[in-house]
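Report on one structure; see the data block that follows.
There are 2 protein chains.
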Amino acid sequence: MVPLILLIAIIAGVLSIAAAIYFTIIVMKKDRGNEKMIEVSGYIETGAKHFLWVQYLVLAVFVGVLFLIILLFLPSEMTGHEIPILSSIGLNWHQALAYLIGSAASMFAGWLGLIVGVKTNTRAAWGVTKSVKEGFDIAFFGGSVMGLAVVGVALLGVGGIYWIFVPALTVEWGATIATAYATKVVLGFSFGASTIALFMKCGGGIFTKTADVGADLVGKAEYNLPEDDVRNPATIADNVGDNVGDIAGMGSDLLDSYVASIVAAMILGTTFGILGFEIYFVILPILVAAVGLVASLIGIFLVKWLGRENPGKALNLGTYLATLIVAVFIAILIWILTSQIPDSSEKLWRDYFAIVIGLASGIIIGWTSDYFTREDKPPTKNIALAAEEGHAVTILSGFSYGLISVVPPALGIIVAMAVAFMLDGVFGVALAAVGMLSIVGTIVSNDAFGPIVDNSRAIAEQGGLGEDVIRNADMLDAAGNTAKAITKGFAIGSANLTVLALLFSFAQEIEEITGTAINMNLLDIKILIGAFIGVVIPALFSALLILSVQKNAAKMVLEIRRQFEEKPGILEGTEPADFNRTIAIATKGALVELILPSIISFTVPVIVGLIFGVAALGAFLAGAILSGFVFAIMMSNAGGAWDNAKKWIEDGNLGGKGTETHKAAITGDTVGDPFKDTSGPSINTLLVVMSLTSSVFMGLMLAVGANGLIGDLLGPEEYINNPIAIGTILLVLLCVVLAGILLWAIMKIIKHPKVMEKIAKKKD
Amino acid sequence: MVPLILLIAIIAGVLSIAAAIYFTIIVMKKDRGNEKMIEVSGYIETGAKHFLWVQYLVLAVFVGVLFLIILLFLPSEMTGHEIPILSSIGLNWHQALAYLIGSAASMFAGWLGLIVGVKTNTRAAWGVTKSVKEGFDIAFFGGSVMGLAVVGVALLGVGGIYWIFVPALTVEWGATIATAYATKVVLGFSFGASTIALFMKCGGGIFTKTADVGADLVGKAEYNLPEDDVRNPATIADNVGDNVGDIAGMGSDLLDSYVASIVAAMILGTTFGILGFEIYFVILPILVAAVGLVASLIGIFLVKWLGRENPGKALNLGTYLATLIVAVFIAILIWILTSQIPDSSEKLWRDYFAIVIGLASGIIIGWTSDYFTREDKPPTKNIALAAEEGHAVTILSGFSYGLISVVPPALGIIVAMAVAFMLDGVFGVALAAVGMLSIVGTIVSNDAFGPIVDNSRAIAEQGGLGEDVIRNADMLDAAGNTAKAITKGFAIGSANLTVLALLFSFAQEIEEITGTAINMNLLDIKILIGAFIGVVIPALFSALLILSVQKNAAKMVLEIRRQFEEKPGILEGTEPADFNRTIAIATKGALVELILPSIISFTVPVIVGLIFGVAALGAFLAGAILSGFVFAIMMSNAGGAWDNAKKWIEDGNLGGKGTETHKAAITGDTVGDPFKDTSGPSINTLLVVMSLTSSVFMGLMLAVGANGLIGDLLGPEEYINNPIAIGTILLVLLCVVLAGILLWAIMKIIKHPKVMEKIAKKKD
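Keeping their order, the protein sequence lines are chains A and B.
In case it helps, my numbering puts the first sequence at residues 39 to 802.
In case it helps, my numbering puts the second sequence at residues 39 to 802.
Printed below as a string of structure tokens:
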């Protein structure tokens, strides 16, 4: 039976959704401001909906294909080592359905957060006319909806699946198998959330920078329009992009890590618990998450209360307080659990400290990102000084500091991992990841605050609310940026620890199915090859995303120029710019350019596993995790530092705006834009997707043979291979071909101008 | 006994040195041109000698310290698993002496190559006044001296050590131990060559870019002086830099890989040979190298003969022909060996194909580098087109293509490694590395040709030889650049395969000493941590080198400005610029900035091994090799592509010189300069040094315990640890402290202005 204590998760999940709806209602009741503001805000909302609509349309097809693959072709791992195709249609059905539900849950959270976000901006702007505090509250409540929705759907999904499956199956199979079965189903849920995250994060990242770079290059540079000027046809797309990238993208990314960390810990909990009480250790991660949610809720109210003084400080202080509260709450949880499980005191308290280590290291990694990107610290200041020597030196300096900034968080992860391992082995490492992510509600809320106040500022300007209001809106905007520095580092650190935990759970599952411990010995050529391919993939993935942004931005530039040339009235303010077309370009570009990176994310792990075997696949994941960490941190921090170096110069330092130094700093910032907002943070999602793909498709690979097609030739035989299941391979090939045709068709459809117009019309 | 066939190595080595001296004499007999040319060439020679003098002074101290450490504190691995300190002073002495000899040999090759190189430039320039062919011949012969010296000292060193030790020790210990012993001594030789390579390559890289960037930023940009104008105080330093970086640096780097690949294959040959005939497999790598040298010599004469038509084509065609010849020669060698070893036919022919795979993949990797950096191919063209959109887009585009360019050579290495492994296990992989490097004589010769003709062009300009001669000198310069694209990719690929072979030989040695096979299972936390640190190191190392260039270039800029301000006569051409000061700045800067990266290279592997154990150290090396490969290729190719994109624009495309597009392309090129000439290629040397450090200091780590100080806490105990040798640790600490004090003192001395002046004076 499921311990009653799991009810906390369901209650917390319901509470979270309820709070999200409550905050939504509060925000919606607020005044939308003057007519101009409502108009601009309306454009942004329409744009965001357009993006979501098209994105979800494509995702529906993509998710459908993956649903079918999971349903039809994935041999279940539950039936033991001999894996006939379609033998256990039960698990396939359940996992596939959970996949659909996971996707839908992530889509729902993204939709709710994004729509509330874009409805909040004008209200927050109007709020600022009353007081900074009022504006802050509205924006913060609006942002919290995303944070709460993320945590809510995660807890309800994972907790719900347990509640449905475990009691029903325990009767027939006993608690152990029932728990393991439910964990597999949850894996499907997690995979669903990940699929969405990949599209939202990468697609959002490409969208936002396409619009941003396009708007800057033509509007600002060629026509000298100020930031957020409605005459710039890309300005609305730029505002939409902020929401799409930082609310929907970041939210779905953290949801993805959050669920994955819980799943990894649950899988390890089935093995590394206390005999007879495994289920408590399986649900421990869910409980920690639930307790974390309650702490996050308290944190949200604390931030609102603290916000009176200094908004920027309030957001970060709120995070620290939420961390402290969650640490205390989890201690209480552990204390309760020790009373339920005999002789569990030592193990549970070790687990507690593993969780706390995770929590603490998340904060520390956030700090180091903050240090490397803050304008009052040496790295960013040196980059600003380098701008005095020209464009090239600015780039070299930022790139170098970005690389150096990898060292402290790497040490943070290493120490956290080592200590957590010493405390309770790989289960400890997985719990550290869960601990780090337990305050995700607070983190996502703080992060979503950023684009809302950024948009508020734009709307305040366009609504003509006067200089005082704009200055106050600027203050909120700055607070959003301060919070963002920490949340970005946090997101990368937590994703990294999560995928490490997933790596261990992956190995654990293989050991359970095959009965042989997996050995990822780098001296085996196949393992080394796996690791080699893994190390290269994040580099390739980043490069593809950066080139995508560059390609789309070039199209955007042409469109903006076209509008200015064909309708001279736009520049004079007598004719409205055509925002729909720029938004359509950004949307379409983001989706088309996603095809290749997403195919890489889903197919390369399967191909590596099929060719070189599961152990090589594990090494592939490890290689990708390590090199992905280096690239993600480097790009994120270099981008942040360039951005702030530019801002510091714009504040009047080193000659200020308009100087050659400023121009060099702008070059740094423009290089940094896709680094920090597209490719850097997308690597997280790539890693989670590849890890989950490996776990979900493991059964398929084991059916072909644990050593892969040619693994035997490249090192010792670790496993007794099944005779290669030719049928499976044929089915897989069929699948791949089908999926390829479908994706190609989708691409064609999206690329077709008529379809795009129809979609655009339908939305109007 | 040593098989008589080893005589080939000695003969080839002597032949090589003899040919180097013969070419030197030929070149020296040529006319030095007019007075102005002799003057300029004299400045360059003095500068190069100054750099060498200071560099070798510091190296003498550094090598001395490492000599003492090897001599006094390295417990020998030959005495079995129980390793008392100083027990086998014999091996320590021999290894330490071999270390000194290896260093001296590398210094000699570097000195000879560099001095002949800088004496050749004016002669080649004068040769061009007669015919392009005459100029080509002189420059090519001058460059060949470096190539031949490298191969000669390597063969004489490695072959000589065998000849000295094996017969003498076989009597007492039998052939097997004698061979193993001699192999250890050769390891010392290789480590010596590596120490020099690290300083020459990184130091040369920093020097050359300090001078280049400094000369460009002030001379060209601020004062509009043309390239190579003697009024520019940094112009001589710039010319010196080309020699220092591309002759001495590249030569010592390839010498380092060359010797290391031979050593790795020899170590593996002791185990993976045919019972009773191991010695043939131990010397097989030396024989392959010797045969390769003969092929290279023939290649050199072929290039001279082919050079009549098209110098650029001649260099590359020469490389391909040398490759073919070496493949044929090695086939003959193998055929001879099959007659000497009974039942060896299958194994030896498998080995042959492993060697050929290495050879072929070296060429293929060179081609892919060529593709990604050639102006008539899409990547470079796209980067040039991106320059139309400004500085930032140029950077993003080059960076992305650089990352994408990692994929083909990575696949090349993976396929070569896999096929070689299938042919003859890890010995096959090591032989592939030896095979790839067998044509190193040709490669280094082609590479050294570049800076010589670059300098010739400068001297022709300054000597007033007229437009026709300059145009012809330009043609030779272009030929040098074409050859360089292939040699750079080749250098990275071969270093990568070499360090992979070193990784296997490292593991093999540990297995022999401890009797336990090493397991670098990435699921062990300590292994994962080792790999994590390894992946981060090349990133950190690159960043430090780039920042060094930036820092030194800033000093150079100040000095040039100072000279122009204090002595206005310089600009008018009435007063000579003070070249010595700029050269001193570049030299001093290069050495000071080397301290931190070189400490990292030598100490991090030892620290990782001592703390986490030897298996984690192996994973550290693997992580560093894989991520180092990504960074090295990315930086090298991005830098090359930016360079050529700029040249393509300067050829009149996209508006040509002086446009905004051109300025953006210059930014790309300036970012690319330290990428392709400092940090990118230095990563090779870093990897070889770290691998050899691990092998040399292995005994020390094993004395402390194969699991390291805390490895037991982080994974299964793979070994029965010796009780931790506290004495050893204390000694090591003492060593580290001593070495630290010494390095600090060296730094102080170098930094002291008076010392620098004295050094400068002494040279005059």
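Glycine included, C-beta positions come from ideal geometry on N, C-alpha and C.
Quick check on residue i: buried or exposed, where buried means 16 or more other Cβ atoms within 10 Å of its Cβ?
i	result
F339/A	exposed
L313/B	exposed
P606/B	exposed
D681/B	buried
T625/B	buried
D562/A	buried
D715/B	buried
D280/A	buried
M66/B	exposed
K168/A	exposed
E805/B	Nothing can be reported for residue 805/B: it is not among the residues displayed for chain B, which extend from 39 to 802.
Check the Cβ-Cβ distances between residue i and every residue of chain A, and say whether any is below 9 Å.
i	result
F459/B	yes
P635/B	no
H429/B	yes
S729/B	no
G118/B	Interpretation of G118/B is limited by its pLDDT of 42, a score under 50 that renders its predicted location unreliable; the figure taken from the coordinates is listed afterwards. Taking Cβ atoms only, chain A never reaches closer than 9 Å to G118/B, which makes this a no.
V537/B	no
A86/B	no
M672/B	yes
Quick check on the DSSP output: the alpha helix (DSSP H) that includes residue i runs from which residue to which?
i	result
T612/B	Neither: T612/B is in no alpha helix (DSSP H) and is coded neither H nor E.
S54/A	45-67
T358/A	Before going further, note that residue 358/A is Tyr rather than Thr in the sequence given. Per DSSP, Y358/A belongs to the alpha helix (DSSP H) from 349-378.
F439/A	Correcting the residue type first, residue 439/A is Tyr in the shown sequence and not Phe. Residues 429-442.
E499/A	478-500
R619/B	617-650
V394/B	383-411
Helix, strand or coil for residue i, going by three-state DSSP, please let me know.
i	result
N270/B	coil
N559/A	strand
F735/B	coil
V166/B	helix
N262/A	coil
L322/B	helix
S532/B	helix
P606/A	coil
P41/B	coil
R70/A	coil
Is there a C-beta anywhere in chain B that falls below 9 Å from the one on residue i?
i	result
I556/A	yes
S435/A	yes
V574/A	yes
N559/A	yes
P271/A	no
Y757/A	Its pLDDT being 49, under 50, Y757/A is placed unreliably in this model, and the value from its coordinates should be taken loosely. Not closer than 9 Å to any Cβ of chain B, the Cβ of Y757/A fails to qualify, so no.
P805/A	Residue coverage of chain A in this structure runs from 39 to 802, which leaves residue 805/A outside it and unanswerable.
Using only the heavy atoms of the ligand SAH, determine whether one of them is closer than 8 Å to the beta carbon of residue i.
i	result
T641/B	Ligands in the displayed structure: none, and consequently the ligand SAH is not present.
With a cut-off of 8 Å on the beta carbons, I'd call residue i and residue j a contact; round off their distance for me.
i	j	result
T536/A	A471/A	5 Å
V364/A	V329/A	7 Å
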